[in-house]
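*Asks:*
Right under this line is the structure:
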């Protein structure tokens, strides 16, 4: 399914994640147990566009730099001393999604950064009404 179709389906639960992240591993296991239909976007394989990143950021009411884990080894190695504008941050996130700080859940216009895997249960529950 092309990414543009993903963003237009209001009932589809989409999870943007990095498979190496411990939070992502726990989240995916929890979703598998719950048998909730989900479309996963593995950011290490699936490319996202600046427009898709902007949609996520708009849903989160965040600036691009807030989505980045500045403490991560990947960020420190790739961008040890940066002063970027919004367009540069978007480009950096698209080219290096490994610097995104946590998995992101999206359904329709609702978007949430999943800090703790169990947060997805409340997100799904709120979305079922």
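Numbering (the working numbering), first residue to last: 2 to 130.
Just so you know, even glycine gets a beta-carbon here, dropped at the ideal spot from N, CA and C.
Residue 121 and residue 44 look like a contact to me (Cβ under 8 angstroms); what is the Cβ gap, rounded to whole Å?
*Replies:* In the chain shown, the residue the question calls residue 121 occupies position 120. In the chain shown, the residue the question calls residue 44 occupies position 43. So it is not a contact: roughly 17 angstroms between Cβ atoms.
*Asks:* Does residue 107 pass the burial test, meaning 16 or more other C-beta atoms within 10 Å, or should it be called exposed?
*Replies:* Walking along the chain shown from the start, residue 107 turns up at place 106. With 16 or more other Cβ atoms from the protein chains shown falling within 10 Å of its own Cβ, residue 107 counts as buried.
*Asks:* Would you call residue 20 buried or exposed, if buried means 16 or more other Cβ atoms sit within 10 Å of its Cβ?
*Replies:* Along the chain shown, one-based indexing puts residue 20 at 19. Residue 20 is exposed by the Cβ-count criterion.
*Asks:* Please report the straight-line C-alpha distance between residue 76 and residue 29, rounded to a whole angstrom.
*Replies:* If you number the chain shown from 1, residue 76 lands on position 75. If you number the chain shown from 1, residue 29 lands on position 28. For residue 76 and residue 29, the distance between alpha carbons rounds to 24 angstroms.
*Asks:* Exposed or buried, residue 98, counting other C-beta atoms within 10 Å across all chains shown (16 or more means buried)?
*Replies:* Residue 98 sits at position 97 when you count from the first residue of the chain shown. So residue 98 counts as buried.
*Asks:* Would you mind stating whether residue 79 and residue 68 have Cβ atoms separated by less than 9 angstroms?
*Replies:* Walking along the chain shown from the start, residue 79 turns up at place 78. Walking along the chain shown from the start, residue 68 turns up at place 67. Against a cut-off of 9 angstroms, the Cβ pair of residue 68 and residue 79 comes out as no contact.
*Asks:* If I measure Cβ to Cβ from residue 102 and keep anything under 6 angstroms in the same chain, skipping five residues before and after, which residues do I get?
*Replies:* By one-based count along the chain shown, residue 102 stands at place 101. Within the same chain, residue 102 has close Cβ partners 70.
*Asks:* Considering just the uninterrupted stretch of the alpha helix (DSSP H) at residue 95, what are its terminal residues?
*Replies:* One-based indexing of the chain shown puts residue 95 at position 94. Counting along the chain, the alpha helix (DSSP H) containing residue 95 begins and ends at 87-96.
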